[in-house]
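Trainee: The structure's right below; bear with me while I get my questions together.
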Amino acid sequence: MRIKPLTFALTAALGMTLAAPAFAQETREFSVSTVLSDAFPWGQAAEKWAELVNERSDGRLTLKVYPNAQLVSGDQTREFSAMRSGLIDMAVASTINWSPQVPELNLFSLPFLMPDEAAIDAITQGSTGEKIFTAIDKKGVMPLAWGENGFRELSNSKHTIDGPEDVQGLKVRVVGSPLFLDTFSTLGANPTQMSWADAKPALTTGAIDGQENPLSVFDVARVDQVGQSYLTLWHYMADPLVFGVNKRVWKSLSEEDQTLLQQAAIDAGAWEIEKSRNELSETLAAIKERGVEVTELTPEQHQAFVDATAEVYQKWTPRIGAELVAEAQAAIAAR
């Protein structure tokens, strides 16, 4: 019996449908921006996120990490704008680098606001952290979880620093945040904004005298090899990380994949925070073994720095939001 052409076409199409695997699903790859590589805890957080997403999605979702701010040609302050516009899909980013676009993130840069790790947690894990995430969301990026870059300590090539007067006249590299400029200018230093990619050469040539960064960065980047012989543990501000996603990318995901992506970010962030904190003692010991003079401030010396930078709050509290600052201070006091 001769099959009519239309019937044959339908039969063939049905056969192809039946032959196709019912479980086939679309695979997607997303870019993830970070400023530091996986030699640092920051980069390790991004790699852990990628690992968990790949594992939990059975390879359907792949996060490709691009370290060293290469997606924004090394200019880390452009990361938020590039992500909001869709040039970057996702990021594990510093609150400092996003603060020019999200003023509320300057909260973490207020000098000497957070005296210890419990104070960081009081902000990020409470209602203050939720309000900050809402602010990020309103600016066009979906925040998923917190990570940690750590307390930023001060190093220099000139002398011991244990009081505000020791900072006067020092040329200090700072990140691209006006609040950092104000803090160091208030202390009488000569702050210079530059990317981390430019900082180490400037330290090598003596164009700048000092820098401020978490211990992990000082250690892995071997800043002691470029003349940074004096390190002061002053805990003047902490540098939380944010796991974020471009809003259009986020909305393109199913609810199931949104949940998967966010939970993986939460888990990667918690893993990285614990790892970073547990390694601090070992990192500090390694720095001391290389001959760096490490100064730990007494409570009185610490208070002198607090008093010397008090005017920074007067200028920046209105920009950040007086209610947000007050809520953060209350959360810290109640920790």
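In terms of our numbering, the sequence shown has 283 at position 282, counting the first letter as 1, and numbering is strictly consecutive. Glycine is no exception: its CB is placed at the ideal position from the N, C-alpha and C atoms. Treat the numbers as computed from the prediction; the structure is a model and nothing was measured.
Which whole-angstrom value describes the C-beta separation of A94 and E80, a residue pair presumed to lie in contact below a C-beta threshold of 8 Å?
Mentor: 6 Å
Trainee: Does DSSP put G87 in a helix, a strand or coil?
Mentor: DSSP, reduced to helix, strand and coil, places G87 outside both helices and strands of the structure shown, so it counts as coil.
Trainee: Using 9 Å as the threshold, is the C-beta distance between L62 and V33 below it?
Mentor: no
Trainee: In this structure, does DSSP put L111 in helix, strand or coil?
Mentor: coil
Trainee: Quick one: is A23 buried, meaning 16 or more other Cβ sit within 10 Å of its Cβ, or exposed?
Mentor: Note that A23 has pLDDT 41, beneath the 50 cutoff, so the model's placement of it is unreliable and the number below is only indicative. The residue in question, A23, is exposed, as its Cβ has fewer than 16 Cβ neighbours within 10 Å.
Trainee: Given a cut-off of 9 Å, decide if T296 and L232 are closer than it, judged by their beta-carbon atoms.
Mentor: In this structure, L232 sits near T296, with a CB-CB distance shorter than 9 Å.
Trainee: Contact check, F185 vs V175 under 8 Å by CB: the rounded distance?
Mentor: Yes, they are in contact, since the Cβ atoms of F185 and V175 sit about 6 Å apart, within 8 Å.
Trainee: Checking the sheet assignment: what are the DSSP bridge partners for Q194?
Mentor: Its beta-bridge partners are V175.
Trainee: Can you check DSSP and say which residues form a bridge with W147?
Mentor: Answer by DSSP bridge pairing, in chain order: V243.
Trainee: Applying the 10 Å Cβ sphere with the 16-neighbour rule, what's the burial state of A329?
Mentor: By the 10 Å Cβ count, A329 comes out buried.
Trainee: Go to N98, then tell me how far its beta strand (DSSP E) extends in each direction, as first and last residue.
Mentor: Taken as a continuous stretch (DSSP letters only), N98 belongs to no beta strand (DSSP E), being part of the alpha helix (DSSP H) at 96-99.
Trainee: Should D117 be labelled buried (16 or more other beta-carbon atoms within 10 Å of its own) or exposed?
Mentor: exposed
Trainee: Report the three-state DSSP secondary structure of V33 (helix, strand or coil).
Mentor: Correct three-state label for V33: strand.
Trainee: Are the Cβ atoms of G148 and L242 separated by less than 9 Å?
Mentor: Cβ atoms of G148 and L242: closer than 9 Å.
Trainee: Run through the DSSP bridge pairs and tell me what S156 is partnered with.
Mentor: Q212, L232
Trainee: How would you label Q229, buried or exposed, when you count the other beta carbons within 10 angstroms and need 16 or more for buried?
Mentor: buried
Trainee: Could you pull the start and end residues of the beta strand (DSSP E) that Y67 belongs to?
Mentor: 62-67
Trainee: Taking a contact to mean a Cβ-Cβ separation below 9 Å, would you say F41 touches V218 in this structure?
Mentor: yes
Trainee: Going by DSSP, what residues sit across from T296 in a beta bridge?
Mentor: T233
Trainee: Taking the straight line between their C-alpha atoms, what separation do you get for R337 and D268?
Mentor: This structure does not reach residue 337, given that the chain is present from 2 up to 336, and the question cannot be answered.
Trainee: Once DSSP output is grouped into helix, strand and coil, what is the label at V224?
Mentor: The answer is helix: DSSP assigns V224 an H, G or I state.
Trainee: Is there at least one non-hydrogen atom of the ligand FMN closer than 8 Å to the beta-carbon of D210?
Mentor: Ligands displayed in this structure: none; no statement on the ligand FMN is therefore possible.
Trainee: Can you name the start and end residues of the alpha helix (DSSP H) that Q330 belongs to?
Mentor: 323-334
Trainee: List the endpoints of the continuous alpha helix (DSSP H) containing L261.
Mentor: 256-279
Trainee: Use the C-beta contact count for G151: other C-beta atoms within 10 angstroms, 16 or more gives buried, fewer gives exposed.
Mentor: buried
Trainee: According to the neighbour-count rule (16 or more other Cβ atoms, all chains shown, within 10 Å of its Cβ), is E166 buried or exposed?
Mentor: exposed
Trainee: Can the beta-carbon of V221 be found less than 9 Å from the beta-carbon of G189?
Mentor: no
Trainee: Which residues in the same chain as R85 place their Cβ atom closer than 8 Å to its Cβ, once the five residues preceding and following it in sequence are excluded?
Mentor: Q102, K140, G141, V142, N247, K248
Trainee: For K132, which of G164, L325, I333, A309 has the nearest alpha-carbon?
Mentor: If we check each option's Cα against that of K132, L325 comes out closest.
Trainee: Starting from K252, follow the alpha helix (DSSP H) in both directions and report where the run begins and ends.
Mentor: 248-253
Trainee: With a threshold of 8 Å, are at least 3 pairs of Cβ atoms found where one atom belongs to the segment 66-76 and the other to the segment 274-292?
Mentor: With the rule of 3 Cβ pairs closer than 8 Å, the segment 66-76 does not count as touching the segment 274-292.
Trainee: Around the Cβ of S253, are there at least 16 other Cβ atoms within 10 angstroms (buried) or fewer (exposed)?
Mentor: exposed
Trainee: Cutting at 7 Å between CB atoms, please list the residues of its own chain near H160, excluding the five before and the five after it.
Mentor: D167, Y231
Trainee: Across which residues does DSSP place A92 in a beta bridge pair?
Mentor: S34, G245
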